[in-house]
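Following: one structure in structure tokens, then a few remarks.
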Amino acid sequence: MIKRIKLLLTFFFIITSVIASASITKIDSLLNILENNDGIKRMDILHQITDEYMNSSYEDAIKYANELLSLAEEKEHLKYIDLASSYLGEAYFYLDEIEKSIEFFELFLEINKKQNDIDGIGSAYNNLGIVYRYIEKHETAIQYYLESLSIKEKLKDSAGISSTQNNIGVLYFHMQNYNKALDFYTRSYELEEKLNNKSGIATSLLNIGEIHSYLNNYNEALSCFNRSINICEKIDDKNTLEGNYKCLFEMYKRKIDFQKALYYNELYTKLRNDRLNQETKNEIAELEVQYETKKKEKEIELLNKENKLGKTIIIILVISSLAFIFLLILLYKQGSAKMKALDLLSVRNNKITEQSKTLEKLNNTKDKFFSLISHDLKGAIGGFLSQTDFLAEDFNCLSPEDTHELIIRLKQSSKQLYELLENLLEWSQTQTKSIKINPEKFNLKILVDSILSMYKELLDDKIIVSIVKIEPDINVFADLNMISTVFRNLIANAIKFSYPNSTFTIKAIFSNNLIQVEISDEGAGISKKDRQKLFKIDQSFSNPGTNSESGSGLGLIICKEFIEMNQGKIWIESNNTNQTKGSSFKFTLKPAKTLTNK
57 MIKRIKLLLT FFFIITSVIA SASITKIDSL LNILENNDGI KRMDILHQIT
107 DEYMNSSYED AIKYANELLS LAEEKEHLKY IDLASSYLGE AYFYLDEIEK
157 SIEFFELFLE INKKQNDIDG IGSAYNNLGI VYRYIEKHET AIQYYLESLS
207 IKEKLKDSAG ISSTQNNIGV LYFHMQNYNK ALDFYTRSYE LEEKLNNKSG
257 IATSLLNIGE IHSYLNNYNE ALSCFNRSIN ICEKIDDKNT LEGNYKCLFE
307 MYKRKIDFQK ALYYNELYTK LRNDRLNQET KNEIAELEVQ YETKKKEKEI
357 ELLNKENKLG KTIIIILVIS SLAFIFLLIL LYKQGSAKMK ALDLLSVRNN
407 KITEQSKTLE KLNNTKDKFF SLISHDLKGA IGGFLSQTDF LAEDFNCLSP
457 EDTHELIIRL KQSSKQLYEL LENLLEWSQT QTKSIKINPE KFNLKILVDS
507 ILSMYKELLD DKIIVSIVKI EPDINVFADL NMISTVFRNL IANAIKFSYP
557 NSTFTIKAIF SNNLIQVEIS DEGAGISKKD RQKLFKIDQS FSNPGTNSES
607 GSGLGLIICK EFIEMNQGKI WIESNNTNQT KGSSFKFTLK PAKTLTNK
């Protein structure tokens, strides 16, 4: 910032004017005052410093809140114990130190009970509910929410009651207790109706519709979604509208109505992208506003200090020589701070530019991928249509054996088409970030055995033997649904490319603190040149199987996405020296941790 300095009568006047124009932050001012105060006044200043740091540095907020708590406990001052414990609980929560967050929120609850502060007790229960919900201890979170709900009912806080009922419904939904979730969602909806809160009504209808969708009550679900959409469009509530489109996409996917699923997925993706773009613009605008606001504040502060110059001339004349040295140091620090701010703004602008280039590159890659996958879809659907046309036109001329053979081909074509569409939908979810990873502990051998049983018919048809070399005590920590999809794709590939009367092997070993899984076959193999095309969406690669089975190559792309989302790696190795016979796919998973007594 350029500081305006008035020319006065002497050199000393110039020095004192510059000193008066030097600006310091509110926190620096409070810290200077803090050193000369104790007792209640010191606690009040510590409270203000902590409150300022809660907006910029949680570590510094914790430092001064701890000092406030120690001093308040020494003086037995409940008000400041209340404030300090609340700040500490919130700061540790945002730093992801959950145990400490719970400790101080429980202290916050205890102090409010001692003060008989009903509103404060309700806030404490609500905060504890939020923390336990974050660490997925749903039963405990519900108990705290119910306590909070009881207090809000005593206070007749209708809006608060509705919000808490909705939060409890969300918890029961995640616990898959859909009936209880529906009960609390309905109660919240009835309150929002009485309050005539359109936004709350739209949200409640969305939640109720989602429950009906999971209970397969599709007509009720569709009715709720449509009512919610109508309200959202009237009040321009795009966030809830986005949620409706996502739920409709998931509902039609479960109903295997891929045309409507794709339609609502496109609507959901468009709204989501618009929202993310707007959020980026808002962040840039907010930075600009903050910069201009601080600039104006410092200019006002400068003017105020210049107006007080006349009152400070006598003192400044005495300390002018020392003040000159102080001024140089202060100006250096301010210049450094300004350069850091400008550097930070430049870094953020560069980051946004890089993100835009990355997004453009990803869009180009996806365009190429969609052109490739559309060719596969067209071929699969075309083959299916040609077979049905042949069956329809020449049905009376076909022998029972020919008819049966044609029906088997139709079954195979429809199954391949279904698998292609299923893989495409799963891949689209990973790209829009709508698929959530839910890691859990599960037994690897049990999973593999259950998936192999799904392919028994295919194994018997090609007379292929599967060999499983997985110890029964190997447990992994990953998303069960994602890893199931990975095994289904890789096992299907192993069967597809294995010759009749052959074997393929699935084994798992510990390697470098990870579980390394290997699925190897004795089939046609993949050349070194073609292996370089695997796992890439912008390169088309799919060879027919040993019985001329077709594919799209999308399954391996999904495998790579899902393994990397679970913090693993996937690769292919050759089974022999000529690099053409047999394939061996390998990937890593995190082992499940076991508790031991110390």
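Every position in the sequence shown, counted from 1, becomes a number in our numbering once 56 is added. Glycine included, C-beta positions come from ideal geometry on N, C-alpha and C. Computed from a prediction, not measured in an experiment: that's the story for all the values here.
Outcome for Met307 when other beta-carbon atoms lying within 10 angstroms are tallied against a minimum of 16: Counting from one through the sequence shown, the residue named residue 307 turns up at place 251. Met307 comes out buried.
Three-state secondary structure assigned by DSSP to Asn499: As a working note, residue 499 is residue 443 in the sequence shown. Three-state result, Asn499: strand.
Whole-angstrom distance between Ala140 and Gly185, CA atom to CA atom: Residue numbering aside, residue 185 sits at position 129 when the sequence shown is read from its first letter. Residue numbering aside, residue 140 sits at position 84 when the sequence shown is read from its first letter. C-alpha separation (whole angstroms): 20 Å.
Leu400 classed as buried or exposed, judged by whether at least 16 other C-beta atoms fall within 10 angstroms: As a first step, residue 400 is located in the sequence shown; it is residue number 344 there, counting from the start. Burial call: exposed.
Lys525 versus His194: straight-line alpha-carbon distance, rounded: Here the question's residue 525 lines up with position 469 in the sequence shown. Here the question's residue 194 lines up with position 138 in the sequence shown. Each residue's Cα considered, the two are about 38 Å apart.
When Leu86, Glu115, Ser113, Asp292 are compared against Ile101, the one with the closest alpha-carbon: Counting from 1 along the sequence shown, the entry for residue 101 is found at position 45. Out of Leu86, Glu115, Ser113, Asp292, Leu86 has the C-alpha closest to the C-alpha of Ile101.
Unbroken alpha helix (DSSP H) run spanning Asn93, endpoints: Numbered from its first residue, the sequence shown carries residue 93 at position 37. Careful: Asn93 lies outside any alpha helix (DSSP H) and carries neither H nor E.
Three-state secondary structure assigned by DSSP to Phe591: Within the sequence shown, the letter at position 535 stands for residue 591. Reduced to three states, the DSSP call for Phe591 is coil.
Cβ-Cβ distance between Ile565 and Pro647 below 7 Å: The count along the sequence shown starts at 1 and reaches residue 565 at position 509. The count along the sequence shown starts at 1 and reaches residue 647 at position 591. Going by C-beta atoms, Ile565 is not nearer than 7 Å to Pro647.
Cβ neighbour criterion (16 or more within 10 Å) applied to Leu535: As a position in the sequence shown, residue 535 is number 479, starting the count at 1. Position check: residue 535 holds Asp in this sequence, whereas Leu was assumed. Result: buried.
Leu211 burial status per 10 Å Cβ neighbour count (16 or more: buried): Mapped onto the sequence shown, residue 211 falls at position 155. Per the 10 Å Cβ criterion, exposed.
Candidates Asn300, Leu612, Val532, of which the one nearest Pro495 by Cα: On the sequence shown, position 439 is the one that residue 495 refers to. Considering only alpha carbons, the answer is Val532.
Distance CB(Ser206)-CB(Ser244) smaller than 7 Å: As a working note, residue 206 is residue 150 in the sequence shown. As a working note, residue 244 is residue 188 in the sequence shown. No, the pair does not count as a contact, with Cβ atoms beyond the cut-off.
Range of the contiguous alpha helix (DSSP H) that encloses Glu298: Numbered from 1 along the sequence shown, position 242 holds the residue referred to as residue 298. From DSSP, the alpha helix (DSSP H) with Glu298 extends over 294-310.
Cβ neighbours of Phe240 in the same chain (closer than 8 Å, five flanking residues each side left out): Position 184 of the sequence shown, counting from 1, holds the residue named residue 240. Excluding residues within five positions, the ones whose Cβ falls inside 8 Å are Gln221, Asn222, Ile224, Gly225, Tyr228.
Inter-residue spacing [alpha-carbon to alpha-carbon] between Lys649 and Phe498: The residue you call residue 649 lines up with position 593 of the sequence shown. The residue you call residue 498 lines up with position 442 of the sequence shown. Each residue's alpha carbon lies about 11 Å from the other.
Lys512 - containing alpha helix (DSSP H), residue span: Mapped onto the sequence shown, residue 512 falls at position 456. Start and end: 512-518.
Sequence-distant residues of the same chain with beta carbon closer than 6 Å to Ile672, five excluded per side: No statement about residue 672 is possible, as the shown extent of the chain runs from 57 to 654 and does not include it.
Per-residue burial, Cys453 [other beta carbons within 10 Å of its own, 16 or more giving buried]: Locating residue 453 in the sequence shown gives position 397, where the first residue counts as 1. The residue in question, Cys453, is exposed, as its Cβ has fewer than 16 Cβ neighbours within 10 Å.
Distance, Lys467 Cα to Glu461 Cα: Locating residue 461 in the sequence shown gives position 405, counting from the first residue. Locating residue 467 in the sequence shown gives position 411, counting from the first residue. One C-alpha to the other measures close to 10 Å.
Anticipated Cβ contact below 8 Å, Glu578 with Ser558, distance rounded: Stepping through the sequence shown from its first residue, residue 578 is reached at position 522. Stepping through the sequence shown from its first residue, residue 558 is reached at position 502. At roughly 5 Å, the Cβ-Cβ gap stays under 8 Å, so Glu578 and Ser558 are in contact.
Proximity below 7 Å, CB of Leu612 to CB of Ile551: Along the sequence shown, read from residue 1 onward, the residue named residue 612 stands at position 556. Along the sequence shown, read from residue 1 onward, the residue named residue 551 stands at position 495. Remark: C-beta atoms of Leu612 and Ile551 do not approach each other more closely than 7 Å.
DSSP-derived helix/strand/coil call for Ala648: Here residue 648 corresponds to residue number 592 of the sequence shown, with the count starting at 1. Three-state result, Ala648: coil.
Candidates Ala379, Ser126, Leu500: closest to Glu527 by CA position: Against the sequence shown, residue 527 aligns to sequence position 471. Out of Ala379, Ser126, Leu500, Leu500 has the C-alpha closest to the C-alpha of Glu527.
Completely contained alpha helix (DSSP H) runs for the segment 105-184, where each covers 4 or more residues: Secondary structure remark: continuous alpha helix (DSSP H) runs of at least 4 residues inside the segment 105-184, in chain order: 114-131, 134-150, 154-171.
Separation of Lys585 from Phe591, as counted between CA atoms: Residue 591 sits at position 535 when you count from the first residue of the sequence shown. Residue 585 sits at position 529 when you count from the first residue of the sequence shown. Approximately 13 Å between the Cα atoms of the pair.
Given 8 Å, three or more beta-carbon pairs between the segment 279-286 and the segment 309-328: no
Endpoints, beta strand (DSSP E) assigned at Ser576: Against the sequence shown, residue 576 aligns to sequence position 520. 570-577 is the extent of the beta strand (DSSP E) around Ser576.
C-alpha distance - Glu298 paired with His133, whole-angstrom precision: Translated into positions along the sequence shown, residue 298 becomes position 242. Translated into positions along the sequence shown, residue 133 becomes position 77. In a straight line, the C-alpha of Glu298 is about 48 Å away from that of His133.
Val187 vs Ile167 beta-carbon contact at 7 Å: Numbered from 1 along the sequence shown, position 131 holds the residue referred to as residue 187. Numbered from 1 along the sequence shown, position 111 holds the residue referred to as residue 167. Not in contact: Val187 and Ile167 (Cβ atoms no closer than 7 Å).
Nearest residue (CA-CA) to Ile520, options Thr296, Ala128, Glu289, Phe560: Position 464 of the sequence shown, counted from the start, is the residue given in the question as residue 520. In terms of CA proximity to Ile520, Phe560 leads the group Thr296, Ala128, Glu289, Phe560.
Asn531 - partner residues in DSSP beta bridges: For the purposes of this step, residue 531 is identified with residue 475 of the sequence shown, where counting begins at 1. BP columns for Asn531 point to Asn499.
Buried or exposed by the 16-neighbour rule on C-beta atoms within 10 Å, applied to Thr368: Taking the sequence shown and counting its residues from 1, one reaches residue 368 at position 312. Exposed, because fewer than 16 other Cβ atoms sit within 10 Å of the Cβ of Thr368.
Within 7 Å, strictly: CB atoms of Ala121 and Tyr143: Mapped onto the sequence shown, residue 121 falls at position 65. Mapped onto the sequence shown, residue 143 falls at position 87. Yes, the Cβ-Cβ distance between Ala121 and Tyr143 is below 7 Å.
Distance CB(Ser204)-CB(Asn182) smaller than 7 Å: Counting from one through the sequence shown, the residue named residue 204 turns up at place 148. Counting from one through the sequence shown, the residue named residue 182 turns up at place 126. Cβ distance < 7 Å, so Ser204 and Asn182 count as in contact.
Length of the line joining the Cα atoms of Asn537 and Tyr148: Along the sequence shown, read from residue 1 onward, the residue named residue 537 stands at position 481. Along the sequence shown, read from residue 1 onward, the residue named residue 148 stands at position 92. Going from the Cα of Asn537 to the Cα of Tyr148 covers about 33 Å.
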